[in-house]
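Participant: Each residue of the sequence shown is one higher than the last, beginning at 13 in the numbering used here.
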Amino acid sequence: MRITVLTENTSKKGLPVEHGLSLYIEANGKKLLFDTGQSGLFSENAEKLGVDLSKVEFAVLSHGHYDHGGGLKKFFEINEKAPVYMSEYAFEPHYNGERYIGLDNDLDKSRMVFTNGVTKISDGFTLYSCNDREKITASDSFGLNMLKDKVLVPEDFRHEHYLLIEENGKKILISGCSHKGIVNIAEWFKPDVLIGGFHISKINSEKELKYLAEKLNSYSVCYYTCHCTGEKQYEIMRRYMDELSYTSTGDIIEF
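1. Classify K192: buried if its beta carbon has 16 or more other beta carbons within 10 angstroms, exposed otherwise.
2. Does the Cβ-Cβ distance between D254 and N229 come in under 9 Å?
3. Count Cβ pairs between the region 68 to 86 and the region 42 to 54 that sit closer than 8 Å; are there 3 or more?
4. Starting from the Cα of K132, find the closest Cα among H173, F154, L115 and give me that residue.
5. If you drop the 5 nearest sequence neighbours on each side, which residues of the same chain put their C-beta closer than 6 Å to that of I15?
6. With a 10 Å radius around its C-beta and 16 neighbouring C-beta atoms as the bar for buried, classify I215 as buried or exposed.
7. Indicate whether T259 and V68 have their beta-carbon atoms separated by less than 9 Å.
8. Buried or exposed: I186, going by 16 or more other Cβ atoms within 10 Å of its Cβ?
9. I'd like the span of the beta strand (DSSP E) that includes N157, first residue to last.
10. Counting only runs that start and end within the region 138 to 207, where is the alpha helix (DSSP H) found for 4 or more residues in a row?
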């Protein structure tokens, strides 16, 4: 398995960055795209990194926020065939406070595959919404809202799902932002590897970050974090974790 980070908030290699996430994944003989960042930047970086997005066989949108799905229009221009798997709730209106952060409703939906529950894409690739699973820890919306009966209320993140890749006896879980709680997700899946943002960049309490780190460290999981975790938060958490790495734009992860 080979994962190339096309877009993330940071870069150690001098590539341009934005607040967003996009991963190009090669696994089980397939080529796929996980998220598209907030613009066409993922495609520019893909070209610089030698990634041919026209050969992508399918794409996954982790959830319905602009910083993960803003590049979908560009992807459709580059790739004429790959379906895009996303939650049936992805196009519901989403807000940060009162600022709209959802998807562009004018996107061509003919190549979108809307999912809920458990969806097997192909051998070794399965999507899970986990909307019916019990949380062992509370998760905070951190000011992210949705519309319910025309009123803004805290998000329940039912539009978020997770991609489990199984290859060579290993379970690799890809999560965009882990809005339902990174500890909950680690508990639900207990993967060998978990890659994605932790949605904790607004947590400044070292005591709380230490608690999260020690809880995550209690699982036999190798973590690669990014995007909505926060660099300061990562630096604190890594003191209390055995296997936590930060992955940036241009990085390549291989198993």
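The beta carbon of each residue, even a glycine, is placed where N, CA and C say it ideally should be.
Facilitator: A quick look at the data gives this:
1. For the purposes of this step, residue 192 is identified with residue 180 of the sequence shown, where counting begins at 1. Per the 10 Å Cβ criterion, buried.
2. As a first step, residue 254 must be located in the sequence shown, where it is residue number 242. As a first step, residue 229 must be located in the sequence shown, where it is residue number 217. In contact: D254 and N229 (Cβ atoms closer than 9 Å).
3. yes
4. The residue you call residue 132 lines up with position 120 of the sequence shown. Checking every option, the nearest Cα to that of K132 belongs to H173.
5. Position 3 of the sequence shown holds residue 15. So the qualifying residues of the chain are L35, I37, I265.
6. Position 203 of the sequence shown holds residue 215. Buried.
7. Position 247 of the sequence shown, counted from the start, is the residue given in the question as residue 259. Position 56 of the sequence shown, counted from the start, is the residue given in the question as residue 68. No, these two residues do not count as a Cβ contact at 9 Å.
8. Your numbering for residue 186 matches position 174 in the sequence shown. I186 should be labelled buried.
9. Within the sequence shown, the letter at position 145 stands for residue 157. Run containing N157: 156 to 160, per the beta strand (DSSP E) assignment.
10. 194 to 201
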